[in-house]
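Numbering (this note's numbering), first residue to last: 13 to 131.
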C-alpha cells in the first residue's frame, strides 16, 4: 500500500471549523444579494403598488406602453379608464401604469424657461 492507515484516517476526519469556513462565502454571497438586489426590488414593488392604489379621477397617467392620458373613470380595483385624446378613451389594467402625474403638478423649470425665452 502506498498510503499508510494513519494518513487515511487523518484525511477522513473533518473539522467542523473548516466546514464552517467553507460555507461562509456562500452565506456572505446570499447576504450581499439580499441587500443589493432583493430588498430594493421589494421596496420598488411596494412603492408601485401604493402609486397604483392611489390613482384618482383627473390624474395624468403614463402606461408601460408609453401612452399618456387623463383618468376619466376608475372602473374597479383592477381597471381604470383614461382619455388619450379628445373622445378617445382607453381601459387599462392598473398594474400596467408606470407613472402618475397628479393634476396640478408644476411644470418643469426647463420648460418654463423655454416658454419665457420664446416670448
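Heads up, the beta-carbon is just placed ideally off N, CA and C, and yes, glycines get one too.
Everything numeric in this text was worked out from a predicted model, so none of it was measured.
{"query": "Close Cβ partners of residue 76 (< 6 Å) along its chain, the five nearest in sequence each way excluded", "result": "108, 110"}
{"query": "Helix, strand or coil at residue 113 [DSSP, three-state]", "result": "strand"}
{"query": "Supposed contact pair residue 72 and residue 103 - C-beta distance, whole angstroms, cut 8 Å", "result": "Rounded, the Cβ-Cβ distance is 17 Å, inconsistent with contact."}
{"query": "Given residue 79 as reference, the closest of 53, 33, 55, 101 once Cα atoms are compared", "result": "101"}
{"query": "Collapsed DSSP secondary structure at residue 28 in the structure displayed", "result": "helix"}
{"query": "Rounded separation between residue 35 and residue 52 - CA only", "result": "26 Å"}
{"query": "Spatial distance of residue 88 from residue 43 (CA atoms)", "result": "40 Å"}
{"query": "Sheet register partners of residue 93 (DSSP bridge)", "result": "85, 103"}
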